[in-house]
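**Q** Pasting a structure here, questions to come.
In full-length UniProt numbering, the protein residues as written are 1 to 244.
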């Protein structure tokens, strides 16, 4: 323990020596700062002497200011003469204002002419509005005609659907023989193609459907054993339509 204490004491002594060295450096710095302060004091004395000389200069500047004041009085006299010149320029401005008033009168006359032109434009606009009203009436008549056409088209579609439904009912009422069962899908496919062709191409749907119905009747009512005559008749009527 004594050795550790001695070691601690030695470290403390070393620290004290470093602090003493730092204190010596700080003391040296203080001495240099004192020397700097002495130099600054000398500089301040020189500045004070310069201030005294500046005060003397200020006195001379005051004398100069007095002379400038005298010059200002003379300039004031010159300003009075300039004011007289301004009054004369004001008289010239009044004459220019009179000229401007005459120009304004000319502008008023041009404005009257513009108003008359505007009145002419308004009359032309009224004529255009009447023509527009006539066009609107024609457009309303066209819309009414279009509505009538749409109603007629809706009636045609309802009649078309009714005819198709009745035709399918007739097809369902045909006896279901083996030949009929074999030909039924083909006939329905032909009917669908015919309806699609007539609806998309705007053909004579009723006339085409009548031809289809007639070919079906020939097909199912033929006395031929294999029904070749009826099927050939049906194909001769429907294949051109379906291929188109």
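All residues carry an ideal CB built from backbone N, CA and C; glycine is no exception.
Secondary structure at residue 141, three-state DSSP: helix, strand or coil?
**A** helix
**Q** So, with DSSP's three-state summary, where would you put residue 22?
**A** In the structure shown, residue 22 adopts helical secondary structure according to DSSP, grouped into three states.
**Q** Whole angstroms are fine: how far does the CA of residue 132 sit from the CA of residue 116?
**A** 24 Å
**Q** Which of helix, strand or coil does DSSP assign to residue 1?
**A** coil
**Q** When you compare only the Cα positions, how much space is there between residue 34 and residue 48?
**A** 21 Å
**Q** In angstroms with no decimal places, state the Cα-to-Cα distance between residue 170 and residue 164.
**A** 10 Å
**Q** Excluding the 5 residues flanking residue 19 on each side, which residues of the same chain have their C-beta closer than 7 Å to its C-beta?
**A** There are no such residues.
**Q** I'd like the list of long-range same chain contacts for residue 204, defined as Cβ closer than 7 Å, with 5 residues on each side in sequence excluded.
**A** At residue 204 the pLDDT is 49, less than 50, meaning the model places this residue with poor confidence; the figure from the coordinates comes in the next sentence. None.
**Q** Going along the chain, which residues of its own chain have a beta-carbon closer than 7 Å to the beta-carbon of residue 108, five neighbours each way excluded?
**A** None.
**Q** Straight-line CA distance for residue 148 to residue 156?
**A** 12 Å
**Q** May I have the straight-line CA-CA distance separating residue 97 from residue 84, to the nearest angstrom?
**A** 20 Å
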